[in-house]
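Participant:
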Amino acid sequence: RRQRQMCIRDSTYASQIDIAATLLAQLGLPHDEFTFSKNILNPGSPHFAYFTRPDYFGMITADNQLVYNLDANTVQLDEGTAKGANLEKGKAFLQKLYDDLAKR
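Here the sequence shown stands for residues 821 to 924, where the numbers follow the numbering used here.
#1: Tell me which residues share the same chain as Ala-841 and place their Cβ nearer than 7 Å to its Cβ, disregarding the 5 neighbours each side in the sequence.
#2: If we call anything under 8 Å between Cβ atoms a contact, is Gly-878 one with Phe-871?
#3: At the level of alpha carbons, what is the spacing between Leu-917 and Asp-883?
#4: Could you say which of Asn-889, Ala-834 and Ile-880 lies nearest to Ser-865 if we only look at CA atoms?
#5: Taking DSSP as the reference, what is the three-state secondary structure of Tyr-870?
#6: Closer than 7 Å by C-beta to Lys-903: which residues in its own chain qualify, once you throw out the five before and the five after it? Chain order, please.
#7: Alpha carbon to alpha carbon, what distance is there between Gln-846 and Leu-897?
#8: Can you check whether the CB of Tyr-876 is closer than 8 Å to the CB of Asn-862?
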């Protein structure tokens with residue numbers, strides 16, 4: 821008798837920085853030290869993905885997909901029903917990252 825495998829797809833927005841908190845939460849371990857990581861399986865967690873490179877950052881939510889060029893100070897991509905919504909959020913997230921790095 822063949823077993824039927826169940827596949828579940830989660831449409832939560834997340835990025836690689838969220839892997840630590842998600843896995844540790846599944847193991848029942850604290851993840852407070854991972855400041856920028858969130859448990860993507862927690863429905864109370866904010867649902868967004870963030871990525872950065874030396875010259876740009878991007879922030880993606882269900883309502884807005886935004887990529888910002890830091891060298892040119894211009895928005896490279898801005899799509900979705902809430903255009904521009906992630907610009908200030910993305911800048912604030914990047915500033916928090918820089919502040920955290922400066923403390924280390």
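All residues carry an ideal CB built from backbone N, CA and C; glycine is no exception.
Facilitator: Let's see:
#1: Within the sequence shown, numbered from 1, the residue matching residue 841 stands at position 21. Scanning its chain for C-beta atoms nearer than 7 Å, with the 5 sequence neighbours on each side dropped, one finds around Ala-841 the residues His-851, Phe-854, Ser-857, Lys-858 and Asn-859, in chain order.
#2: Within the sequence shown, residue 878 is the residue found at index 58, counting from 1. Within the sequence shown, residue 871 is the residue found at index 51, counting from 1. Here Gly-878 is near Phe-871, since their CB atoms are less than 8 Å apart.
#3: For the purposes of this step, residue 917 is identified with residue 97 of the sequence shown, where counting begins at 1. For the purposes of this step, residue 883 is identified with residue 63 of the sequence shown, where counting begins at 1. Looking at the two C-alpha atoms, the distance is approximately 23 Å.
#4: In the sequence shown, residue 865 corresponds to position 45, counting from 1. That would be Ala-834, whose Cα lies nearest to the Cα of Ser-865.
#5: What you label residue 870 is simply residue 50 of the sequence shown in a count that begins at 1. In the structure shown, Tyr-870 falls within a strand segment according to DSSP collapsed to helix, strand and coil.
#6: On the sequence shown, residue 903 is found 83 positions in, with the first residue counted as 1. These residues qualify, in order along the chain: Asn-884.
#7: The sequence position of residue 897 within the sequence shown is 77, counting from 1. The sequence position of residue 846 within the sequence shown is 26, counting from 1. In a straight line, the C-alpha of Leu-897 is about 35 Å away from that of Gln-846.
#8: Locating residue 862 in the sequence shown gives position 42, counting from the first residue. Locating residue 876 in the sequence shown gives position 56, counting from the first residue. Taking C-beta atoms as the reference points, Asn-862 and Tyr-876 fail to come closer than 8 Å.
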